[in-house]
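So for the sequence shown, our numbering puts the first residue at 126; every next one is plus one.
In what follows, a single structure is set out as structure tokens and then discussed.
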Amino acid sequence: MLSSELSTYLAGRYIEFHIHSLTYQEYLTFHRVEASTQSLRNYLTFGGLPYLSNLPQQQEIVFEYLGNVFSTILLKDIVKREGIRNVDFLESLVLYTADNVGNLFSANNISRYLKSQRVNISPLQVINYLRSLQQSYLIHKVRRIEVAGLKTFEIGDKYYFEDLGLRNCHLGFNLQRDIHKLIENAVYLHLLHCRFEVFTGQQSGGREVDFVARRGDMIIYIQATYLLSDDTTRQREFGNLLAIRNNYPKYVVSLDEWISGSITDGIQHLHLATFLQMDL
């Protein structure tokens, strides 16, 4: 009787909870390990699916498990539910998206690229397939906004993966080649966990800000990079933030060990591990 009454009163009403992969801090807790270079490396490589704490942290074993999870999501959650017929194209699109994490691109660009690979798909089909990948929570779309006025651009989005391991397990993974993409993806996931609405920022003169994150009246700006290896890189990452003339918090996040924790003209430079454990 109770279940019948509840179904009557609650029909058409529900609360949706988005359950994300483990954050880096949660990863440390689940795996019972301390924060270290190795644990951060494992997190960036294997991602944050909770079951991984039951497996030895060996790439062959973990990637086999993740590959099975990925196939289940692709074939059951996307192909079957959405009635997708061109599975080969869907798989190619996932690979393209994984390889272009953090890059601005449009459906037209993807369509042109695929045509160069002799895959004839219209931009509308690309948009529909990308939407299916988003609805399965395999990837997230990040829209581009004008930093000064917060105007949203109609074209030019970025895509990030919900789980780093699912991104890595089927791409011919190479940490050295992909590290800058994984850092940026990890920063994005932490911002989501901290309940921010996340955009990528565009400034006059073509300057780009990796992330503009908003939560209520709070705004933070973040540049994510591998290493500040030379003056050119340092000037680009800090310069893009210095060009923003307001007093909201600004961060540069990288893997630099010795100079992280410093503050330059009000911009805080943080090591990735430190940032991923912050409660923003």
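A virtual CB, placed ideally from N, CA and C, is assigned to each residue, including glycine.
Since the structure is predicted, the reported quantities are computational estimates derived from the model, not experimental observations.
- One alpha carbon belongs to H315, the other to H145, and they sit about 10 Å apart.
- Residue range 269 to 271 is occupied by the beta strand (DSSP E) that includes R269.
- In the structure shown, G331 adopts helical secondary structure according to DSSP, grouped into three states.
- DSSP, reduced to helix, strand and coil, places I264 within a strand of the structure shown.
- Pairing L169 with Y284, the inter-Cα distance amounts to about 17 Å.
- With distances taken between CA atoms, A232 lies nearest to Y254 out of Q150, Y254, D224.
- Taking a cut-off of 8 Å on C-beta distances, the stretch 219 to 226 does not touch the stretch 172 to 186, as fewer than three cross pairs fall below it.
- Here I203 is near S261, since their CB atoms are less than 7 Å apart.
- Contact between the stretch 321 to 338 and the stretch 362 to 376 is present, with at least three C-beta pairs closer than 8 Å.
- Closest in alpha carbon position to L147, among T277, N167, T162, is N167.
- Here G326 is buried. Its C-beta has 16 or more other C-beta atoms within 10 Å.
- Beta-bridge annotation (DSSP): T148 is not paired with any residue.
- Taking C-beta atoms under 8 Å as the contact rule, Y376 and I345 qualify, at a distance of about 7 Å.
- Within the stretch 210 to 242, the runs of alpha helix (DSSP H) that reach at least 4 residues and sit entirely inside it are, in chain order, 212 to 224, 232 to 241.
- Under the rule that a run must span 4 or more residues, the alpha helix (DSSP H) segments found entirely inside the stretch 273 to 320 read 289 to 293, 300 to 318.
- Following the DSSP letters along the chain, one finds S164 in no beta strand (DSSP E) but inside the alpha helix (DSSP H) bounded by residues 162 to 171.
- Here the stretch 376 to 385 makes contact with the stretch 396 to 405; the two share three or more CB pairs at distances below 8 Å.
- Per DSSP, the unbroken alpha helix (DSSP H) holding V187 starts and ends at 184 to 197.
- Straight-line spacing of the CA atoms in R237 and G391 works out to 42 Å.
- Taking the Cα of C294 as reference, the smallest distance to any Cα among V337, L405, R157, L191 is reached at L191.
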